[in-house]
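*Asks:* Quick one: the structure is below, and I'll ask about it shortly.
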Amino acid sequence: MLFFFCYLFMFMMSILSFLFENKHLLMILLTLEFMMLSLLNMMFIYLINMWNDMFMFNCFLVIMVIESVMGLNLLILMVRFSGNDYFSSFNLLMC
1 MLFFFCYLFM FMMSILSFLF ENKHLLMILL TLEFMMLSLL NMMFIYLINM
51 WNDMFMFNCF LVIMVIESVM GLNLLILMVR FSGNDYFSSF NLLMC
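Following our numbering, the numbering of the sequence shown begins with 1 at its first residue and continues without gaps.
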C-alpha cells in the first residue's frame, strides 16, 4: 500500500509540474511521460494484487509508447520549422 501512495504522490507532483512548468514543449512531454509512468506503476500494483491479469497492462504500455513517439515527432517538427521548442511561440492559427 505504501507503493501506491508513493506513485500517487508522483502523479500529483507531475500534475503540479505540468500546470506550472509549461514553457518548453520538451518539459511538457517529460511531465506527461512521468504522469504515465506513475499511472503505469499504479496499474501494475493493482492488477497484480487483484486480478493477476497483464493484458490491460500491456495495452496501456503500448498506448504509452505510441503517445511518446507522437510527442517526439511533434517536437522534432516544431524545432525543424520554428527553430525552438518554446510552447508560447507555437501559433495554432499558422498553417
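Idealized CB from N, CA, C, for every residue including glycine.
Predicted model only: the values in this text are computed from it and were never measured.
For Glu-33, collect the residues of the same chain with a Cβ closer than 7 Å to its Cβ; drop the 5 residues on either side in sequence, then sort them by chain order.
*Replies:* Within the sequence shown, residue 33 is the residue found at index 33, counting from 1. Only Ser-68 meet the Cβ criterion.
*Asks:* Pick from Phe-57, Phe-20 and Met-78: whose alpha carbon is nearest that of Met-36?
*Replies:* On the sequence shown, residue 36 is found 36 positions in, with the first residue counted as 1. Ranking Phe-57, Phe-20 and Met-78 by Cα distance to Met-36 puts Phe-57 first.
*Asks:* Whole angstroms is fine: what's the gap from Ile-30's alpha carbon to Trp-51's?
*Replies:* Numbered from its first residue, the sequence shown carries residue 30 at position 30. Numbered from its first residue, the sequence shown carries residue 51 at position 51. According to the sequence displayed, residue 30 carries Leu and not Ile. Looking at the two C-alpha atoms, the distance is approximately 30 Å.
*Asks:* What does a CB cutoff of less than 7 Å around Tyr-7 pick up in its chain, not counting 5 residues either side in sequence?
*Replies:* For the purposes of this step, residue 7 is taken as the residue at position 7 of the sequence shown. Hits under 7 Å: Ser-38, Asn-41 and Met-42.
*Asks:* Taking the alpha helix (DSSP H) that Asn-41 belongs to, which residues open and close that run?
*Replies:* Residue 41 sits at position 41 when you count from the first residue of the sequence shown. Its alpha helix (DSSP H) spans residues 25-50.
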